[in-house]
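K.L.:
The numbering used here numbers the first residue of the sequence shown as 42 and each following residue consecutively.
The structure follows.
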Amino acid sequence: MSEPLRQEEPEDPTSPSPTPLAAVAEDDYVPEDDAIIGVVFKRSLMALGVLAVVAGGIYLLANREREAAPEQVIEAAAPETVLTTDTVPAIYFTDVTAQAGISFVHANGAYGDKLLPETMGGGVAFFDLEGDGDPDLLLVNSSEWPHHEVTGRPATMALYRNDGEGRFSDVTAATGLDLSFYGMGVATADYDADGDTDLFITAVGKNHLLRNDGGTFRDVTAEAGVAGGVEEWSSSAGFFDVDNDGDLDLFVANYVRWSKEIDFELDFRLTGVGRAFGPPQNYEGTYPYLYRNEGDGSFTDISEAAGLHVDNPATGAPMAKSLALGPVDVDGDGWIDVLVANDTVRNFFFHNLGDGTFEEVGEDFGFAYDRNGNATGAMGIDSAYYRNDHNLGFMIGNFANEMSSVYMAQDDPAFFVDEAIGEGIGAPSRLMLTFGLFLFDVDLDGRLDVLQANGHIEDEIQKVDPSQFYRQPAQLFWNGGDEGFVPVAPEATGDLARDLVGRGAAFADIDADGDLDAILTQIAGPPLLLRNDQELGHHWLRVRLEGQAPNRDAIGAWVEVTAGDTMQRRQVMPTRSYLSQVERTVTFGLGDADRVDAVKVTWPDGSEQTVDGVEVDQLRVVTQ
Numbered sequence: 042m043s044e045p046l047r048q049e050e051p052e053d054p055t056s057p058s059p060t061p062l063a064a065v066a067e068d069d070y071v072p073e074d075d076a077i078i079g080v081v082f083k084r085s086l087m088a089l090g091v092l093a094v095v096a097g098g099i100y101l102l103a104n105r106e107r108e109a110a111p112e113q114v115i116e117a118a119a120p121e122t123v124l125t126t127d128t129v130p131a132i133y134f135t136d137v138t139a140q141a142g143i144s145f146v147h148a149n150g151a152y153g154d155k156l157l158p159e160t161m162g163g164g165v166a167f168f169d170l171e172g173d174g175d176p177d178l179l180l181v182n183s184s185e186w187p188h189h190e191v192t193g194r195p196a197t198m199a200l201y202r203n204d205g206e207g208r209f210s211d212v213t214a215a216t217g218l219d220l221s222f223y224g225m226g227v228a229t230a231d232y233d234a235d236g237d238t239d240l241f242i243t244a245v246g247k248n249h250l251l252r253n254d255g256g257t258f259r260d261v262t263a264e265a266g267v268a269g270g271v272e273e274w275s276s277s278a279g280f281f282d283v284d285n286d287g288d289l290d291l292f293v294a295n296y297v298r299w300s301k302e303i304d305f306e307l308d309f310r311l312t313g314v315g316r317a318f319g320p321p322q323n324y325e326g327t328y329p330y331l332y333r334n335e336g337d338g339s340f341t342d343i344s345e346a347a348g349l350h351v352d353n354p355a356t357g358a359p360m361a362k363s364l365a366l367g368p369v370d371v372d373g374d375g376w377i378d379v380l381v382a383n384d385t386v387r388n389f390f391f392h393n394l395g396d397g398t399f400e401e402v403g404e405d406f407g408f409a410y411d412r413n414g415n416a417t418g419a420m421g422i423d424s425a426y427y428r429n430d431h432n433l434g435f436m437i438g439n440f441a442n443e444m445s446s447v448y449m450a451q452d453d454p455a456f457f458v459d460e461a462i463g464e465g466i467g468a469p470s471r472l473m474l475t476f477g478l479f480l481f482d483v484d485l486d487g488r489l490d491v492l493q494a495n496g497h498i499e500d501e502i503q504k505v506d507p508s509q510f511y512r513q514p515a516q517l518f519w520n521g522g523d524e525g526f527v528p529v530a531p532e533a534t535g536d537l538a539r540d541l542v543g544r545g546a547a548f549a550d551i552d553a554d555g556d557l558d559a560i561l562t563q564i565a566g567p568p569l570l571l572r573n574d575q576e577l578g579h580h581w582l583r584v585r586l587e588g589q590a591p592n593r594d595a596i597g598a599w600v601e602v603t604a605g606d607t608m609q610r611r612q613v614m615p616t617r618s619y620l621s622q623v624e625r626t627v628t629f630g631l632g633d634a635d636r637v638d639a640v641k642v643t644w645p646d647g648s649e650q651t652v653d654g655v656e657v658d659q660l661r662v663v664t665q
């Protein structure tokens, strides 16, 4: 979560439209567009005739102090052919939340004091509860505040079992998950190699490790040693093997050092509105947790020894203000690295040195700042070889009046450049406030598309910034190959274009029809479960890997599929987006190709396996 660092000044500052969903020509954007947003806010406040002393509150909302990289010039070429909304297919999503049996409503405990965590939750995960192959659904809840006495049944997370056809039944109580605490995000994996998927839930306060014992869950946090500090605020988390010993370790991102007392002491306010959800720059940063799996059900915190304690050189205090992580072997050396999305301070890239330690080299690799050399309000994150070549790309959703970041390797796995504008994502994403974000092949044409879940943090933001809305529609960007991305018109996406206070986002094939469905969560409201109803007739292949113990989930494995002259690759990595987890099965769109020429699996231990006899339009289970 972050505040705007810069804003394009609209031609009409009173325009109510917050949603630039059509493609925007690059000529419409000039360097002056990237002026610091404080200029715009000051003009708006002057027009309102507000006293300068009172204007300080909205100025804080609109301007976050952030790091700036040394001045540099980065050239990023725009596509030669500019796609338009007429180029992309219609890809309709249908809201099936109610008919699928989902009755969950997120509770954030808000009672008027506007405490910062109230606007940040909403984790969601698709995972297989019982090993039947169907993606079940977990929705993380927050709760009432312990200092605010209320009556009634406490809010709990919700677990829904999938019948295989996209209909869900509530099994929360039956599985032991009717637990109440101020939850945030979720990580899923079979960490103890017993054959079923366990859950790690992050929270404001103590985190929770819930071991799956054949379809019911038991809280084993204390014996596993992964509770974290009772005064910490954890956000996203992920299981993966950091030391190549075979078992799954746990990385937990932490946000800012927060308490109700600190929040009230800072006392952020919006002009003419009152208390507001404040920006993070006045909160002290934190350190992430890295827990090494000891193979006996317990973990050891190796965060400091592994090099994850990064301090602010100016203050000596912890620097990280982390909201999401992207685990992937960036440079192909066989060790999983971690890109961390930080809010208003530079992003961290922890390069795995292969000896149990990491080196933070975000600036060296090009991940630390945006295309203008500024730190952003970075939130959701995903990575993929979305060009179907040898260059890896990362995408990060940012705050309002900041473009989403698109970091692309430049034919060098150790050198990335933010190509948001050249890839067609930059201009249309600028006004949106993006939390959840992921890459998936929505139309099964063989190219990965992008979905962004959007929504502001301040429910009264439009009173001080007419260009912003609290509820915002999600955005779908269609991948046009060499021509880059183009937004799919709202009218061509069905219920995806519904206004939400979007937060978490995840995908899975909930109804076994081959295409990928999605879920978006929102603050203090119901989720939006979206069935993908595209009817383009493209072929597809889904691959589910069954690895050997202790990594039965094969997390970190790669699957390569060749059909015709196109080779696609996908990583088995549930940890994506914001606070969320996607299904473990990987999906390949094949377009018009009616045959699969080759399938190769690279298992987490580096061994390779060729899979023969693969046909289109099928789910193939591959056992190591």
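All residues carry an ideal CB built from backbone N, CA and C; glycine is no exception.
As the structure is a prediction and not an experimental result, all values here were calculated from the model.
1. Could you pull out every unbroken beta strand (DSSP E) segment of at least 3 residues lying fully inside the region 523 to 587, listed in chain order?
2. Should the region 452 to 463 be called in touch with the region 515 to 523, which here means at least 3 C-beta pairs below 8 Å?
3. Do the region 570 to 587 and the region 384 to 397 make contact, defined as three or more Cβ pairs closer than 8 Å?
4. Between the region 610 to 622 and the region 360 to 372, are three or more C-beta pairs nearer than 8 Å?
5. Grab me the residues of A361's own chain with a C-beta within less than 8 Å of its C-beta, minus the 5 sequence neighbours each way, in chain order.
6. Could you check the C-alpha separation between S183 and M444 for me, to the nearest Å?
7. I think D233 touches G172, with their Cβ atoms under 8 Å apart; what is that distance to the nearest whole Å?
8. Please determine, among G150, N432 and H497, the residue with the shortest C-alpha to C-alpha distance to G418.
9. In its own chain, which residues sit with a C-beta less than 7 Å from the C-beta of I132, not counting the 5 before and 5 after it?
10. Assign K641 to one of three DSSP states: helix, strand, or coil.
11. Does I242 come out as helix, strand or coil in the three-state DSSP assignment?
12. Is DSSP giving Q650 helix, strand or coil here?
13. State the Cα-Cα distance for the pair F440 and A409, rounded to the nearest angstrom.
14. Could you compute how far the alpha carbon of F526 sits from the alpha carbon of D633?
15. Given E630, which residues of its chain have a CB within under 6 Å of its CB, disregarding the five upstream and five downstream residues?
16. Determine whether the beta carbon atoms of G543 and L620 lie at a separation below 8 Å.
17. Rounding to the nearest angstrom, what Cα-Cα distance links G207 and T341 in this structure?
18. Are A595 and P645 closer than 8 Å when you measure CB to CB?
19. Terminal residues of the continuous beta strand (DSSP E) containing F406?
20. If I measure Cβ to Cβ from T607 and keep anything under 7 Å in the same chain, skipping five residues before and after, which residues do I get?
21. From the DSSP output, in three-state form, read off A265 for me.
22. Quick one: using the 10 Å Cβ neighbour count with 16 as the cut-off for buried, is R194 buried or exposed?
23. How should V191 be labelled, buried or exposed, when 16 other C-beta atoms within 10 angstroms of its C-beta is the threshold for buried?
24. Go through its chain and collect everything with a Cβ distance to E716's Cβ below 7 Å, but skip five positions before and after it.
25. Suppose you measure from the CA of N285 to the CA of W376; what does that come to, to the nearest Å?
26. Using alpha carbons as the reference points, say which of T128, V165, V129 and A148 lies closest to A494.
27. Where do the N-terminal and C-terminal ends of the alpha helix (DSSP H) with F305 fall, by residue?
28. By DSSP, does P514 sit in helix, in strand, or in coil?
29. Express the C-alpha separation of S470 and E121 in angstroms, rounding to a whole number.
30. Considering only residues of the same chain and omitting the five flanking positions on each side of V447, which have a CB-CB separation below 7 Å?
31. Taking the Cβ atom as the reference point for each residue, do T213 and M198 lie within a distance shorter than 8 Å?
32. Would you mind sorting A346 into buried or exposed? The rule is 16 or more other CB atoms within 10 Å of its CB.
33. For A196 and L489, what's the separation of their Cα atoms in angstroms?
34. Which residue or residues does DSSP assign as beta-bridge partners of R194?
35. In the DSSP assignment, find the unbroken alpha helix (DSSP H) run with S470 in it and report its ends.
36. Quick check: the Cα distance between F167 and L178, rounded to an integer number of angstroms?
P.N.:
Looking at the coordinates:
1. 526 to 528, 543 to 549, 558 to 563, 569 to 573 and 580 to 587
2. no
3. no
4. yes
5. A294, N295, G326, T327, Y328, P329, V351, V381, N383, V386 and F389
6. 29 Å
7. Not quite, the Cβ-Cβ distance comes to about 14 Å (not below 8 Å), so this is no contact.
8. H497
9. V483, D484, L517, V529, A533, T534 and Q575
10. strand
11. strand
12. strand
13. 16 Å
14. 20 Å
15. First, the residue type needs correcting, since residue 630 is Gly and not Glu in the sequence shown. Only D482, L485, D486, G487, H579 and W581 meet the Cβ criterion.
16. no
17. 39 Å
18. yes
19. No beta strand (DSSP E) holds F406; the alpha helix (DSSP H) holding it covers G403 to F406.
20. N429 and G487
21. helix
22. exposed
23. exposed
24. Given that the chain is displayed from residue 42 to residue 665, the structure contains no residue 716 and the question cannot be resolved.
25. 7 Å
26. V165
27. K301 to L307
28. strand
29. Because E121 carries a pLDDT of 47, less than 50, the predicted location of this residue cannot be relied on, and the following value inherits that uncertainty. Near 21 Å, if we compare the C-alpha coordinates of S470 and E121.
30. G434, M436, D459, E460, A461, E464 and I466
31. yes
32. exposed
33. 37 Å
34. In the DSSP output, where bridge partners are listed per residue, R194 has none listed.
35. G467 to S470
36. 5 Å
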